[in-house]
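Which chain is which? The protein sequence lines are A and B, in order.
Start counting at 1 in the first sequence, then tack on 13, and there's your number in my numbering.
Start counting at 1 in the second sequence, then tack on 133, and there's your number in my numbering.
Built from N, CA and C at the ideal position, the CB exists for glycine as well.
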Amino acid sequence: DAKTTQPNSMESNEEEPVHLPCNHSTISGTDYIHWYRQLPSQGPEYVIHGLTSNVNNRMASLAIAEDRKSSTLILHRATLRDAAVYYCILRDQGGANNLFFGTGTRLTVIP
Amino acid sequence: EAQVTQNPRYLITVTGKKLTVTCSQNMNHEYMSWYRQDPGLGLRQIYYSMNVEVTDKGDVPEGYKVSRKEKRNFPLILESPSPNQTSLYFCASSYGGDNYGYTFGSGTRLTVV
């Protein structure tokens with residue numbers, strides 16, 4: 014799977030929007046962009062994924078750049094419960110069924 | 134509730150004593166997988182299974198075995214545990230393919246002394 018680059022850490026104030034960036038300059042045309050998060054002492058949790066178009070669900074929005082070399086996970090109103098490590102992962106259609114998590118971005122939410 | 138259930142949550146064992154960590158999912162997922170998480174190394178895949186009776190090695194399979202006799206269960210077996218297998222283990226399942234998300238269990242913290 015292609016490599017992604019994320020900032021090690023970010024901070025946000027509670028109830029403000031958070032934009033978590035991910036660079037994936039070597040993405041191929043068939044790679045899906047997946048986001049997971051891991052809350053303290055819990056297993057990873059699926060957040061959202063997309064291929065080309067922006068995606069929204071009840072947890073977050075995913076904005077994908079037109080050239081697909083970067084994407085941004087958007088939490089519209091951060092809560093304390095959103096404090097976690099967020100992982101951006103590329104999945105290749107038909108590729109090995111492995112999620113390469115990398116080091117992710119540790120999000121701190123300030124009350 | 135759709136979930137992946139792992140047992141036990143915590144386990145302390147001695148070197149060489151065979152153990153099994155169970156994993157069960159109630160979502161009729163074809164795909165199941167085991168990961169281990171270690172500080173500084175992140176999550177790494179141990180084994181995965183595309184369907185019943187189909188298993189394959191992940192990135193760090195040494196010292197582990199798995200079986201997939203039923204669709205819902207995917208146990209992780211350590212025949213002769215060693216201290217370097219002390220880790221946090223996660224089981225995951227999915228419908229398979231890249232257009233589906235994965236559901237993870239809550240984890241099993243294993244300590245081998």
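#1: Residues of chain B with CB closer than 8 Å to the CB of His116(A), please, in chain order.
#2: Secondary structure at Gln136(B), three-state DSSP: helix, strand or coil?
#3: Determine the extent of the beta strand (DSSP E) in which Gln170(B) is found, giving its start and end residues.
#4: Look at the Cβ atom of Ser84(A), then the Cβ atom of Cys35(A), and state whether they are nearer than 9 Å.
#5: Where does the unbroken beta strand (DSSP E) through Glu58(A) begin, and where does it stop?
#6: Tell me the rounded alpha-carbon separation between Thr116(A) and Gln51(A).
#7: Which residues does DSSP pair with Asp189(B) in a beta bridge?
#8: Comparing C-alpha positions only, which one of Asp44(A), Arg71(A), Ile87(A) sits nearest to Val64(A)?
#9: Compute the Euclidean distance between the alpha carbons of Ile77(A) and Asn67(A), then round it to the nearest angstrom.
#10: 9 Å is my cut-off, CB to CB: does Tyr99(A) come that close to chain B?
#11: Is the beta carbon of Leu120(A) closer than 9 Å to that of Glu58(A)?
#12: Any beta-carbon of chain B closer than 9 Å to the one on Arg111(A)?
Straight from the coordinates:
#1: Residue identity check: residue 116(A) is Thr in the sequence provided, not His. Result: Gly175.
#2: coil
#3: 164-171
#4: yes
#5: 58-63
#6: 11 Å
#7: Tyr181(B)
#8: According to the sequence as given, residue 64(A) is Leu; it is not Val. The candidate whose alpha carbon is nearest that of Leu64(A) is Asp44(A).
#9: 6 Å
#10: no
#11: no
#12: Note that residue 111(A) corresponds to Asn in the displayed sequence, not to Arg. For Asn111(A), the answer is yes, since a Cβ of chain B falls inside 9 Å of its Cβ.
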